[in-house]
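Structure, as structure tokens:
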Amino acid sequence: MTDAKPTPAPETTPPAELVFDAVRIERQGVPLIALDARVAQGEVLTLMGPSGIGKSTLLAYAAGFLDPAFSARGRVLVGGQDITGLPAHRRHVGLLFQDPLLFPHLSVGDNLAFALPEAIRGRSARRDAVHQALCEVELGGYGARDPATLSGGQKARIALMRVLVSEPRALLLDEPFSKLDTGLKAQMRDLVFGKARRRGLPVLLVTHDRDDAAAAGGPIVDLSPGK
Amino acid sequence: MLKLAPLATLALMLGPVIAGLAGTVLPAFGYMPALGGDSLSLAPFHDLLSRPGLATSLALSLGTGLAASFGAFTIAILFTAAFEGGRFFRAMRALLSPLLAVPHAAAAFGLAFLIAPSGWAMRLLSPWATGATRPPDLLIIGDPYGLSMTLGLMAKEVPFLLLMVLAALPQTDSLRARHVATGLGYARISGWLGAVLPRLYPQIRLPVFAVIAYATSVVDVAIILGPTTPAPLAVRLVGWMRDPDLAMRFTASAGALVQLGLSAFAIGLWVAGERLVAVIGRARLRSGRRQAGDRVSATSSALAMGGLTAALLAGLVAIALWSFAERWRFPDALPGTLTLASWQAHLGHLGAASAVTLAIAVPVTLTALVLALACLEGETRKGIALRHRTLPLLYVPLIVPQIAFLFGFQILLLTLGIADTLLAVGLAHLVFVLPYVFLALSDPWRAIDPRYGHVASALGASPNRIFWRVRLPLALRAAATAAALGLAVSVAQYLPTLLIGGGRHATITTEAVALSAGGNRRLIALYAMTQMILPFLAFTLAALAPAVAFRQRQALRASA
Ligand SMILES: Nc1ncnc2c1ncn2[C@@H]1O[C@H](COP(=O)(O)OP(=O)(O)OP(=O)(O)O)[C@@H](O)[C@H]1O
Ligand SMILES: [Mg+2]
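For the record, the sequence lines run as chains X and A. Okay, so the first sequence: first residue is 1 according to my numbering, each after it adds one. Okay, so the second sequence: first residue is 1001 according to my numbering, each after it adds one.
Pasting the structure below:
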């Protein structure tokens, strides 16, 4: 099972099953969080648990930027390939946080262009890809806009499309809906889960909101002590 | 490359200080084979002690330095306590950057132009109030107690300390702490001193030490405003170091060590004072007294702050007026006619000196900026902030008196064969520019939300791409400001340029200070103006850079 040298990830790779294989994270020798889980393509696994238990830390480990204050064991696999040895930017796991984190110095369109894989070559091809992505979330004319001038819901949609155009193999979501108001929340849930399912992306969702879990419709892992 | 940056930075910043101190200690004990000193002895100290007026020089350095530091500290603290958040405070805050950009020498000249017997203040008051039709025969500039010098140092240190206070305040939760104190019935200043100062002070302690070390060993301001018979120790040391009689180097080295001890002693006194204040303060907190002289403290700090700032600004206006004055007879309040004639006549010299100044300042600033960015980026990539380990190191070059190690550093440069070159001067400037650039850049850099980098890397961007396309643009404003500050620091350097350059590289600042003995106001004004214009231009460019680069980006355009 263990592959001594990590195989270099090909430039574009399709979505594939996400597996947490005996992942254990400790802080100064004290166990913090552990997860064994399998997320199939198009499935959403919801991770719940009290604040401070290490959910964000777990996502950081999978994405490749665990703070040196922590140490971790176990493997994270995408499509059977161990990604824990890869540098963060070669892992192809998309991230969404509760803040959209659009780069404030880039236009909306350039935020998307930044995320577009290099494999899409040529100025017009890239421009078309950006335009298409914008249209997909009904923001067709917004390419030249300053992200600071968008509404909260528009920012969230752009942040989603920015992750998707980067062609991730799996998605990690850290309370992505928690800052949206109720109406918007329902909309964004449908949008995110719908797009992830259509693309066949495995999704790991961290949330405190039971409704998120219900909308996701997938299995729930509750990390509360005693469960 | 990134891995080497912290090491290179430390070497360039601390190497000269350490090597310089070693190079000072040996000759101080008579060892300098090049000058025939090949055995250790105490002769240099004996010679030093036999210098006439040495005790007075020491007392002047200690007294003026401590008085100026204490005054500046008290004013900055009480002013913040009394007015934080108010309109007066915001106005001062807006004035801070321009005031900080003014080199010490220019500020000292401004004050001299203002308060001298024939200065602007006397002209404005004469003859209607004073009855004087000729300058009164008073010794104001260079008074034997160093009062003008103390005033000049204080005026320039208040903005610096206020800036440090402003930088530290957000981490103290000051407004809420004060609201709690007010809710408990404490008057404004008493509440602030009890609830905020104990949390604030540890963060401004090193800058305070730097102020004390600077004020007790300053040379340029002392040459311009300080007493001459005798002068404070540091000024006399420079004279001995540049004495044609090379044997004086031994005395000078011994003196440099004494200067080091004197500045350390001053800081030691301050630390003792800290202890005392802590004990008294704690007792007062327990006593629950809710007010003590709040009114008086507020009023006097406002007066002092307002007065010093006004004096500084008026001095700068006086410099500007003199540089354009065709003739300005006493006691006329203003020059009769303004003209560009002096500027035109000296344009060549000013241009040449500016060119030398920039030839040093620009490469030094860029080097410092690149090193600082490399260190910070390396730290971000590793995910650890080195802050607590490195912060005190950044203050080493600012706390060790310049004169204590520059002379020894010069000896090292001689053995390397690069003494007196522009490169050597640049290396010396770098020692002082690096800490400021680093201090100015590191907080904004570390404040960048790390999740931007995480998101970018999850999108597939390589670390280099993230640096150039994400982090650097996000830090552009801070980087530009840090560069401007670095340039201002380099432009203002007097002692390193003079000693390490062997007097061969005439910058605006060395020229200006050299002119002070001659007393040609018009000429001094030209140089002092140029001294201010260079950093001013740098700060203007720094303010424009993000405004232009991000003219369509709301979030980055608003001034931070
Ligand atoms: N850099 C760090 N150094 C040390 N401890 C940290 C660091 N970052 C987070 N922690 C601690 O690790 C624990 C886990 O943090 P984490 O952010 O993963 O929790 P979480 O489960 O995501 O909580 P929440 O639901 O509130 O987001 C917390 O106790 C936190 O205080
Ligand atoms: Mg979290």
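Where is the CB? At the ideal position from N, CA and C, for every residue including glycine. Since we're looking at a predicted model, the values are computed, not measured.
Not a single C-beta of chain A is nearer than 7 Å to the C-beta of residue 14 of chain X.
Between ligand 1 and the CB of residue 1382 of chain A, the shortest heavy atom gap is not smaller than 6 Å. Using beta-carbon distances, residue 110 of chain X does not count as an interface residue toward chain A, since no partner is under 7 Å. Shown here, residue 1145 of chain A sits in coil according to DSSP, grouped into three states, outside any helix or strand. Residue-level contact by beta carbon fails for residue 82 of chain X and chain A, as no gap is shorter than 7 Å. Across the structure, residue 1302 of chain A and residue 110 of chain X are spaced so that their CA atoms are roughly 50 Å apart. Between the region 1446 to 1463 of chain A and the region 80 to 97 of chain X there are three or more C-beta pairs closer than 8 Å, enough to call the two in contact.
DSSP assignment within the region 1114 to 1144 of chain A yields no whole beta strand (DSSP E) run of 3 residues or more. Among the residues of chain X, those whose CB is under 7 Å from the CB of residue 1383 of chain A are 65, 67, 68, following chain order.
In this structure, DSSP gives residue 1268 of chain A a helical state, which the three-state scheme calls helix. Under a criterion of Cβ atoms nearer than 7 Å, the residues of chain A adjacent to residue 94 of chain X are, in order, 1458. According to the DSSP secondary-structure assignment, residue 1390 of chain A is paired through a beta bridge with no residue.
Annotation for residue 211 of chain X: no beta strand (DSSP E) segment contains it, though the alpha helix (DSSP H) segment containing it runs 210 to 216. Contact check between the region 1364 to 1375 of chain A and the region 1422 to 1436 of chain A: three or more CB pairs, one atom from each, fall below 8 Å, which counts as touching.
Shortest Cα-Cα distance from residue 1033 of chain A to any of A/1430, A/1415, A/1522 involves A/1415. Taking 7 Å as the cut-off, the Cβ atoms of residue 1429 of chain A and residue 1531 of chain A do not count as close. Straight across, the Cα-Cα distance linking residue 201 of chain X with residue 164 of chain X is about 10 Å. The C-alpha of residue 106 of chain X is placed about 28 Å away from the C-alpha of residue 183 of chain X. The beta carbon of residue 69 of chain X sits closer than 6 Å to at least one heavy atom of ligand 1.
Residues of the region 99 to 126 of chain X with a C-beta less than 7 Å from any C-beta of chain A: 101, 103, 104, 105, 114, 115, 117, listed in chain order. In the structure shown, residue 201 of chain X adopts coil according to DSSP, grouped into three states. Residue 1053 of chain A and residue 1329 of chain A have their alpha carbons spaced roughly 37 Å apart. Straight-line measurement puts the Cα of residue 206 of chain X at about 13 Å from the Cα of residue 33 of chain X.
Under the three-state reduction of DSSP, residue 1186 of chain A is assigned to coil, being neither helix nor strand. Within chain X, the residues placing a beta-carbon under 7 Å from that of residue 1455 of chain A are 95, 101, ordered along the chain.
In the DSSP assignment, residue 19 of chain X forms a beta bridge with X/38, X/77.
Residue environment analysis places residue 1144 of chain A among the exposed positions, since fewer than 16 neighbouring C-beta atoms fall within 10 angstroms of its C-beta. For the region 1545 to 1558 of chain A, residues whose beta-carbon sits nearer than 7 Å to a beta-carbon of chain X comprise 1550, 1552, 1553, 1554, 1555, 1556.
Judged by DSSP in its simplified three-state form, residue 1550 of chain A adopts coil rather than helix or strand.
With respect to residue 1212 of chain A, residue 1069 of chain A sits close: the two C-beta atoms are nearer than 7 Å. Note on the region 1280 to 1312 of chain A: there is no whole beta strand (DSSP E) run with a minimum of 3 residues. Annotation: residue 1352 of chain A to residue 114 of chain X spans about 46 Å, alpha carbon to alpha carbon. Listed in chain order, the positions of the region 131 to 152 of chain X with a beta carbon within less than 7 Å of a beta carbon of chain A are 146, 148, 149.
At a C-beta separation below 9 Å, residue 162 of chain X has these neighbours in chain A: 1455, 1459. Chain order is used for the residues whose beta-carbon lies nearer than 6 Å to a heavy atom of ligand 2, namely X/55, X/56, X/174.
Within 6 Å of the C-beta of residue 140 of chain X there is not a single heavy atom belonging to ligand 1.
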